[in-house]
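Before any comments, here is the structure.
Number of protein chains: 2
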Amino acid sequence: MLYLIGLGLGDATDITVKGLQAVRSCSRVYLEAYTSILTVGKEALEEYYGKQLILADRDMVEQGADEILKDADVTDVAFLVVGDPFGATTHSDLVLRAVNAGIPYKVIHNASIMNAVGCCGLQLYNFGETVSVVFWTETWKPESFYDKICKNRAAGLHTLCLLDIKVKEQSIENMMRGKKIYEPPRFMTVSQAADQLIQIIQRRREEGEELGVTEDTVCVGLARLGADDQTIRSGTLRQLASCDLGGPLHSLVVTARLHPLEVDMLRVNSEPDALKHLRMIDSSTYTS
Amino acid sequence: MLYLIGLGLGDATDITVKGLQAVRSCSRVYLEAYTSILTVGKEALEEYYGKQLILADRDMVEQGADEILKDADVTDVAFLVVGDPFGATTHSDLVLRAVNAGIPYKVIHNASIMNAVGCCGLQLYNFGETVSVVFWTETWKPESFYDKICKNRAAGLHTLCLLDIKVKEQSIENMMRGKKIYEPPRFMTVSQAADQLIQIIQRRREEGEELGVTEDTVCVGLARLGADDQTIRSGTLRQLASCDLGGPLHSLVVTARLHPLEVDMLRVNSEPDALKHLRMIDSSTYTS
Numbered sequence: 048m049l050y051l052i053g054l055g056l057g058d059a060t061d062i063t064v065k066g067l068q069a070v071r072s073c074s075r076v077y078l079e080a081y082t083s084i085l086t087v088g089k090e091a092l093e094e095y096y097g098k099q100l101i102l103a104d105r106d107m108v109e110q111g112a113d114e115i116l117k118d119a120d121v122t123d124v125a126f127l128v129v130g131d132p133f134g135a136t137t138h139s140d141l142v143l144r145a146v147n148a149g150i151p152y153k154v155i156h157n158a159s160i161m162n163a164v165g166c167c168g169l170q171l172y173n174f175g176e177t178v179s180v181v182f183w184t185e186t187w188k189p190e191s192f193y194d195k196i197c198k199n200r201a202a203g204l205h206t207l208c209l210l211d212i213k214v215k216e217q218s219i220e221n222m223m224r225g226k227k228i229y230e231p232p233r234f235m236t237v238s239q240a241a242d243q244l245i246q247i248i249q250r251r252r253e254e255g256e257e258l259g260v261t262e263d264t265v266c267v268g269l270a271r272l273g274a275d276d277q278t279i280r281s282g283t284l285r286q287l288a289s290c291d292l293g294g295p296l297h298s299l300v301v302t303a304r305l306h307p308l309e310v311d312m313l314r315v316n317s318e319p320d321a322l323k324h325l326r327m328i329d330s331s332t333y334t335s
Numbered sequence: 048m049l050y051l052i053g054l055g056l057g058d059a060t061d062i063t064v065k066g067l068q069a070v071r072s073c074s075r076v077y078l079e080a081y082t083s084i085l086t087v088g089k090e091a092l093e094e095y096y097g098k099q100l101i102l103a104d105r106d107m108v109e110q111g112a113d114e115i116l117k118d119a120d121v122t123d124v125a126f127l128v129v130g131d132p133f134g135a136t137t138h139s140d141l142v143l144r145a146v147n148a149g150i151p152y153k154v155i156h157n158a159s160i161m162n163a164v165g166c167c168g169l170q171l172y173n174f175g176e177t178v179s180v181v182f183w184t185e186t187w188k189p190e191s192f193y194d195k196i197c198k199n200r201a202a203g204l205h206t207l208c209l210l211d212i213k214v215k216e217q218s219i220e221n222m223m224r225g226k227k228i229y230e231p232p233r234f235m236t237v238s239q240a241a242d243q244l245i246q247i248i249q250r251r252r253e254e255g256e257e258l259g260v261t262e263d264t265v266c267v268g269l270a271r272l273g274a275d276d277q278t279i280r281s282g283t284l285r286q287l288a289s290c291d292l293g294g295p296l297h298s299l300v301v302t303a304r305l306h307p308l309e310v311d312m313l314r315v316n317s318e319p320d321a322l323k324h325l326r327m328i329d330s331s332t333y334t335s
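Right under this line is the structure:
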């Protein structure tokens with residue numbers, strides 16, 4: 048049996064009881080380690096589970112799937128994923144390989160940022176398409192996420208922005224030289240994401256474009272959701288561009304049409320004057 | 048402290064270890080019982096937790112919040128929610144009452160249908176706005192969910208349809224007579240939801256409207272997600288209208304633009320010929 052087990056979002060105890068039982072019964076346990084991180088490290092998990100974990104980086108999952116699935120028809124193998132195994136990332140490829148090899152699989156779900164983001168008080172019903180914000184380089188500054196946010200906002204829908212993670216990345220120089228030297232991991236912060244968004248807004252404004260999002264749009268920054276030191280901060284996009292929410296992982300939400308109960312929840316964690324740009328559309332709807 | 052604890056989607060062991068520790072430490076434990084159900088009942092949870100649970104119906108949560116929060120500044124109280132506390136339902140009202148009363152609160156997340164639906168192989172990135180499908184009555188047949196599905200599809204996005212739950216509902220007759228007699232609980236099935244959708248499609252077709260969804264659109268029915276007997280079935284809307292996926296809870300997904308990997312995953316659980324209406328838009332995109 049191949050178990051795909053979600054670890055949830057905080058520390059080692061955020062695994063489900065069912066997941067923990069499965070982990071402890073498996074002969075090999077892989078930890079997927081390139082799309083997300085827990086605030087505690089691999090060692091803390093190993094100690095808590097009482098099991099050695101095998102780190103599975105992108106190369107291993109994409110090219111070493113046979114190794115992961117080896118003997119899984121006669122023994123139990125676990126593949127651990129931070130959040131939910133089918134949350135922000137899907138591990139369809141591994142599942143399909145198992146199915147094709149006649150290996151049964153079972154998913155043990157857990158919270159992912161895709162649903163836990165609801166704790167900021169914005170209703171998941173009112174979210175549109177989720178977007179990814181990638182680190183810009185000197186020569187590559189994609190803006191498609193901005194357009195999707197605007198499209199969601201035009202439909203009255205909030206947008207969850209997942210922020211880039213760079214783990215085990217090579218510099219272009221090292222890649223060209225074939226050197227397996229990796230850059231330190233990088234995690235995009237709310238302030239970096241807000242800054243990229245503001246740069247796009249400024250450029251579009253100069254081009255005379257009508258803006259779907261501005262520096263005064265109310266947004267929510269989330270950091271280390273589910274951990275003891277999680278931080279939720281609502282503020283204007285401009286305010287979030289200069290805030291420091293601490294260590295990874297961060298996510299950003301751009302709000303749209305707000306129900307009064309959503310406004311009340313945003314107020315619980317808001318920057319001073321963050322909500323002063325809100326205007327009433329009708330008796331039960333606000334926007335910024 | 049007020050703990051809002053997600054129970055996940057399957058049985059008693061789907062609670063997180065952190066959640067279980069909190070439940071066992073609390074002096075009072077409420078079980079929210081009107082927006083969702085676990086496949087196991089209250090008694091199974093009580094036995095597993097070693098705690099008595101107080102059932103919290105809609106009346107209690109909406110009008111008896113003071114009772115739930117009583118002494119929560121000096122003792123620990125847990126409020127258990129199937130899925131995630133901020134998943135398909137938000138308990139913002141209870142949280143705001145706690146905040147206003149100076150009672151600290153903590154959310155312990157878990158899987159909800161809003162993220163676990165990803166296990167059918169459709170990427171959560173590719174979902175648009177979630178919709179609710181309510182039971183029609185003789186005189187009330189809302190169609191707004193159909194229009195939202197079409198809007199999502201026009202943008203290439205799948206739609207998660209949450210299906211109606213009627214728990215502790217009075218008949219209009221008993222309500223008017225002030226009799227506290229409740230109807231048996233009802234849970235909308237995938238086939239009932241598909242049937243309502245087909246009725247709308249037929250009516251719109253007769254009116255000469257261009258259709259955003261047809262009887263041949265590929266959909267996915269999900270039943271008892273996370274439970275041992277969970278069932279996932281992909282098929283055309285027409286096929287799902289006549290399928291029996293067994294006991295509650297059910298959900299329905301209407302697909303839109305499909306990546307080849309999504310198609311492969313749908314094929315794992317598909318009705319015969321379910322995918323024959325798929326057509327290729329370009330080398331990496333299909334639709335139905």
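Residue numbers (our numbering), protein chains in the order written: chain A, 48 to 335; chain B, 48 to 335. C-beta atoms are modelled at their ideal positions from N, C-alpha and C, and glycine is treated no differently.
In terms of residues, what are the limits of the beta strand (DSSP E) holding residue 126 of chain B?
Counting along the chain, the beta strand (DSSP E) containing residue 126 of chain B begins and ends at 124-128.
| request: Determine the direct distance from the alpha carbon of residue 127 of chain A to that of residue 128 of chain B, and round the result to whole angstroms. | output: Straight across, the Cα-Cα distance linking residue 128 of chain B with residue 127 of chain A is about 25 Å.
Practice task
Provide the residue span of the beta strand (DSSP E) that contains residue 327 of chain A, from first to last.
Solution key: Counting along the chain, the unbroken beta strand (DSSP E) around residue 327 of chain A starts and ends at 326-329.
What do you reckon, are the CB atoms on residue 168 of chain B and residue 312 of chain B nearer than 8 Å? Yes.
query: Is the segment 65-77 of chain A in contact with the segment 159-179 of chain A, if contact means three or more CB pairs nearer than 8 Å?
result: A contact between stretches requires three or more CB pairs, one per stretch, nearer than 8 Å, and the segment 65-77 of chain A fails this requirement with the segment 159-179 of chain A.
- prompt: Is the beta carbon of residue 232 of chain B sitting closer than 8 Å to the one on residue 214 of chain B?
  reply: Result yes, Cβ atoms of residue 232 of chain B and residue 214 of chain B sit closer than 8 Å.
Quiz item: Could you give the C-beta distance for residue 40 of chain A and residue 317 of chain A, rounded to a whole number, given that I count them as a contact under 8 Å?
Solution: In the structure as shown, chain A starts at 48 and stops at 335, and residue 40 of chain A therefore has no counterpart that could be examined.
Where residue 94 of chain B and residue 152 of chain A are concerned, what is the direct C-alpha to C-alpha distance, given to the nearest angstrom? Using only the alpha carbons, I get a separation of about 29 Å.
Inset, instruction - Please say whether residue 82 of chain A and residue 248 of chain A have beta carbons closer to each other than 8 Å? - result: By the CB criterion at 8 Å, residue 248 of chain A and residue 82 of chain A fall outside the cutoff.
* To do: List the endpoints of the continuous beta strand (DSSP E) containing residue 153 of chain A.
  => Bounds of the beta strand (DSSP E) holding residue 153 of chain A are 152-155.
Using 8 Å for Cβ pairs, my map puts residue 204 of chain A next to residue 139 of chain B. What's the rounded Cβ distance?
With 8 Å as the limit, residue 204 of chain A and residue 139 of chain B do not qualify as a contact, their Cβ atoms being about 18 Å apart.
**Study point:** Residue-chain proximity (residue 154 of chain A, chain B), Cβ-Cβ < 8 Å
**Key:** By this cut-off, residue 154 of chain A is an interface position.
Just by C-beta distance, which residues in the segment 214-239 of chain B are closer than 8 Å to chain A? Cβ proximity to chain A below 8 Å picks out nothing from the segment 214-239 of chain B.
From which residue to which residue does the alpha helix (DSSP H) around residue 269 of chain A run?
-> Looking at the DSSP string, residue 269 of chain A is not in any alpha helix (DSSP H); the run it does join, the beta strand (DSSP E), is 265-270.
Item to complete: Specify, as a first and last residue, the run of the beta strand (DSSP E) that residue 159 of chain A falls within.
Response: Careful: residue 159 of chain A lies outside any beta strand (DSSP E) and carries neither H nor E.
- Query: Which residues in chain B sit within 8 Å of residue 176 of chain A, going by Cβ to Cβ distance?
  - Reply: Simply 172, 173, 174, 175, 202, 204.
Check: For residue 157 of chain B, which residues in chain A fall below 7 Å Cβ to Cβ?
Finding: At a beta-carbon threshold of 7 Å, the residues of chain A lying near residue 157 of chain B are 157, 158, ordered along the chain.
For this session: Flag residue 65 of chain A as yes if its beta-carbon sits less than 8 Å from any beta-carbon of chain B, otherwise no.
Result: With a threshold of 8 Å between beta carbons, residue 65 of chain A makes contact with chain B.
Less than 8 Å between the CB atoms is what I'm expecting for residue 59 of chain B and residue 92 of chain B, so what's the real figure, rounded? The beta carbons of residue 59 of chain B and residue 92 of chain B sit about 5 Å from each other, so the pair counts as a contact at 8 Å.
**Asked** Under 8 Å between C-beta atoms, does residue 291 of chain B make it to chain A?
**Response** Taking Cβ atoms only, chain A never reaches closer than 8 Å to residue 291 of chain B, which makes this a no.
Work out the CA separation of residue 229 of chain A and residue 107 of chain A for me, nearest whole Å.
C-alpha of residue 107 of chain A to C-alpha of residue 229 of chain A: approximately 16 Å in a straight line.
According to DSSP, is residue 60 of chain B part of a helix, a strand, or is it coil? Three-state DSSP puts residue 60 of chain B in a helix.
inquiry  = I'd like the list of long-range same chain contacts for residue 102 of chain A, defined as Cβ closer than 7 Å, with 5 residues on each side in sequence excluded.
reply    = For residue 102 of chain A, where only same-chain residues beyond five positions count, the Cβ hits under 7 Å are 78, 80, 89.
- Task: Check the DSSP bridge columns for residue 23 of chain A and list the partner residues they point to.
- Result: Outside the modelled stretch of chain A, which goes from 48 to 335, sits residue 23 of chain A, for which no answer is possible.
Self-check item: residue 142 of chain B, DSSP secondary structure in three states
Solution: DSSP places residue 142 of chain B in helix when its eight states are reduced to three.
Leaving out five residues before and five after residue 278 of chain B in sequence, what residues of the same chain have Cβ atoms less than 7 Å from its Cβ? Once the five neighbours on either side are set aside, the close Cβ partners of residue 278 of chain B are 270, 271, 292, 293.
From A:113, A:105, A:118, A:48, residue whose alpha carbon lies closest to that of residue 137 of chain A: Ranking A:113, A:105, A:118, A:48 by Cα distance to residue 137 of chain A puts A:105 first.
Are the segment 119-126 of chain A and the segment 251-265 of chain A touching by the rule of at least three beta carbon pairs closer than 8 Å?
Taking a cut-off of 8 Å on C-beta distances, the segment 119-126 of chain A does not touch the segment 251-265 of chain A, as fewer than three cross pairs fall below it.
Margin query: At the level of alpha carbons, what is the spacing between residue 275 of chain B and residue 57 of chain B?
Written below: Each residue's Cα considered, the two are about 7 Å apart.
Notebook entry, point to check: For chain B, is any of its Cβ atoms less than 8 Å away from the one on residue 166 of chain A?
Noted result: Taking a beta-carbon distance threshold of 8 Å, residue 166 of chain A counts as an interface residue toward chain B.
Just tell me which of A:239, A:235, A:184 has its CA closest to the CA of residue 285 of chain A. The shortest C-alpha separation from residue 285 of chain A is found at A:239.
| Taking 8 Å as the CB-CB limit, is residue 316 of chain B close to chain A? | For residue 316 of chain B, the answer is no, since every Cβ of chain A falls outside 8 Å of its Cβ.
Look at residue 54 of chain A and residue 100 of chain A and say whether their C-beta atoms are less than 8 Å apart.
Going by beta carbons, residue 54 of chain A and residue 100 of chain A fall outside the 8 Å limit.
Worksheet item: Of all the alpha helix (DSSP H) runs that stay within the bounds of the segment 283-330 of chain B, which reach a length of 4 or more residues?
Response: Runs of the alpha helix (DSSP H) inside the segment 283-330 of chain B: 284-288, 307-315.
### Task
Please report how far the alpha carbon of residue 241 of chain A lies from the alpha carbon of residue 301 of chain A, in whole angstroms.
Note on geometry: alpha-carbon atoms of residue 241 of chain A and residue 301 of chain A lie some 10 Å from one another.
Per DSSP, which residues does residue 174 of chain B bridge with? Please list them.
Within the DSSP secondary-structure output, residue 174 of chain B pairs in a beta bridge with B:205.
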